[in-house]
Structures are given as structure tokens and as C-alpha cells.
């Protein structure tokens with residue numbers, strides 16, 4: 001090691017290599033499903049860089065630093081953009097009709113312009129519901145940010 005100085009990680013002395021303390025590391029940094037993290041040095045003082053997969057927007061700082069307490073600075077998120085609400089039948093949503101809508105969701109290739117469909121509720125249709133083969137649902141619609 002290049003130099004020895006007082007351990008910022010505890011009460012013993014520790015090796016430092018330049019600005020990095022080799023007494024403690026923060027472990028592998030977590031990353032969102034739609035995110036990518038660059039860097040494989042996790043010692044105190046190390047910095048990793050985050051990006052998002054195409055179509056997703058980074059929210060937060062694009063870098064994280066390993067702190068002397070062994071924790072990373074806050075993690076950024078990769079967000080989809082909310083489009084609004086759509087009306088979709090249960091059958092179109094996932095192929096079944098339970099007359100409930102709740103707990104139904106979808107994530108995948110665009111369906112009715114939405115990459116993610118969730119938070120579904122049954123649309124109140126009154127007497128017309130009696131003749132409907134499958135319940136119409138009102139759901140939140142999100143899509144990849146472009």
C-alpha cells in the first residue's frame with residue numbers, strides 16, 4: 001500500500017491506496033432491473049456509474065460513492081413514464097375473465113400503447129355489465145421514456 005493513515009472505518013489503523021481505504025468495502029451496489037452499473041471497485045472512496053437501458057430515464061445522481069461507514073450514497077432509479085389511464089378488458093389484459101380486475105397487471109411489449117399496465121380497477125358499467133363477456137378494467141398506463 002502507498003500510505004498508512006488513521007482508519008476512517010473504525011478504531012484501528014488501515015491501509016490506504018491513494019484515496020481508497022482498503023479496510024472496508026460497501027459490497028456490490030444494487031441496481032434497478034432496467035439499470036446498468038459500471039465499476040467493480042467497492043472499497044471506501046470508490047465511485048461507480050449508473051445508466052439506464054434505452055427508453056428509461058435516470059432519476060437521481062448517476063454516480064454512487066462508497067462511504068467510510070460501508071454504505072453507498074443513494075441509488076438512482078430508472079423510471080418509466082406514466083401515460084395516464086386506459087380502459088382494457090380483462091381478457092385482453094391477461095387472457096382470463098375473473099370479473100374482478102384487481103391484481104391484474106401487464107409488463108412487456110407495448111399493448112394499447114403501454115409497456116406497463118397496473119393498478120387496475122373494475123369499471124362500473126351498470127346494467128350494460130350484465131351483457132359484457134368480460135369486465136372492462138381501468139388501469140394505469142406507463143411506457144418507456146423516449
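Residue numbers (full-length UniProt numbering): 1 to 146. Glycine included, every Cβ here is placed at the ideal spot set by N, Cα and C.
> Looking only at its own chain, which residues have a Cβ that is under 6 Å from the Cβ of residue 70, when we skip the five neighbours before and after it?
Replying inline: By one-based count along the chain shown, residue 70 stands at place 70. Annotation for residue 70: 24 and 26 place their beta carbon closer than 6 Å to its own, counting only its chain and skipping 5 residues before and after.
> What do you get for residue 113, buried or exposed, if any count of 16 or more other CB atoms within 10 angstroms of its CB means buried?
Replying inline: Reading the chain shown from its first residue, position 113 is the one you call residue 113. Around the beta carbon of residue 113, a 10 Å sphere encloses fewer than 16 other beta carbons of the protein chains shown; the residue is thus reported as exposed.
>> Give me the DSSP bridge partner(s) of residue 87.
In response: To locate residue 87, count along the chain shown from 1; it is residue 87. Answer is 138.
> Ends of the beta strand (DSSP E) at residue 96?
Replying inline: The count along the chain shown starts at 1 and reaches residue 96 at position 96. That residue, residue 96, is in no beta strand (DSSP E); it is neither H nor E in DSSP.
> The beta strand (DSSP E) spanning residue 57 covers which residue range?
Replying inline: Numbered from its first residue, the chain shown carries residue 57 at position 57. From DSSP, the beta strand (DSSP E) with residue 57 extends over 57-59.
>> Going by the DSSP bridge assignment, what does residue 25 pair with across the sheet?
In response: Within the chain shown, the letter at position 25 stands for residue 25. Under DSSP, residue 25 shares a beta bridge with 43.
> Taking the C-alpha atoms as reference points, what is the distance between residue 4 and residue 41?
Replying inline: Here residue 4 corresponds to residue number 4 of the chain shown, with the count starting at 1. Here residue 41 corresponds to residue number 41 of the chain shown, with the count starting at 1. Residue placement at residue 4 is flagged as unreliable, the pLDDT there being 44, under the threshold of 50; a coordinate-derived value is accordingly withheld.
> residue 122 and residue 100 look like a contact to me (Cβ under 8 Å); what is the Cβ gap, rounded to whole Å?
Replying inline: For the purposes of this step, residue 122 is taken as the residue at position 122 of the chain shown. For the purposes of this step, residue 100 is taken as the residue at position 100 of the chain shown. 7 Å between Cβ atoms; contact.
> Between which two residues does the beta strand (DSSP E) harbouring residue 106 extend?
Replying inline: Counting from 1 along the chain shown, the entry for residue 106 is found at position 106. Following the DSSP letters along the chain, one finds residue 106 inside the beta strand (DSSP E) bounded by residues 106-111.
> What are the boundary residues of the beta strand (DSSP E) that residue 36 is part of?
Replying inline: Residue 36 sits at position 36 when you count from the first residue of the chain shown. First-last of the beta strand (DSSP E) with residue 36: 35-38.
> Counting along the chain, where does the beta strand (DSSP E) carrying residue 101 start and finish?
Replying inline: Position 101 of the chain shown, counting from 1, holds the residue named residue 101. Premise fails: residue 101 is in no beta strand (DSSP E) and is neither H nor E.
> What's the call for residue 164, buried or exposed, on a 16-neighbour Cβ count within 10 Å?
Replying inline: Outside the modelled stretch of the chain, which goes from 1 to 146, sits residue 164, for which no answer is possible.
>> Here's the rule I'm using: 16 or more other beta-carbon atoms within 10 Å means buried, otherwise exposed. How should residue 116 be labelled?
In response: Start at 1 with the first residue of the chain shown, and residue 116 comes out as number 116. It counts as buried.
> How many whole angstroms separate the CB atoms of residue 60 and residue 144, which I take to be in contact at a CB cut-off of 8 Å?
Replying inline: Sequence index remark: in the chain shown, residue 60 carries index 60 (1-based). Sequence index remark: in the chain shown, residue 144 carries index 144 (1-based). Incorrect: roughly 18 Å between the Cβ atoms, too far for contact.
>> Which residue wins for smallest C-alpha separation from residue 105, given the options 39, 64, 66 and 120?
In response: Numbered from 1 along the chain shown, position 105 holds the residue referred to as residue 105. Each of 39, 64, 66 and 120 was checked against the Cα of residue 105, and the nearest Cα belongs to 120.
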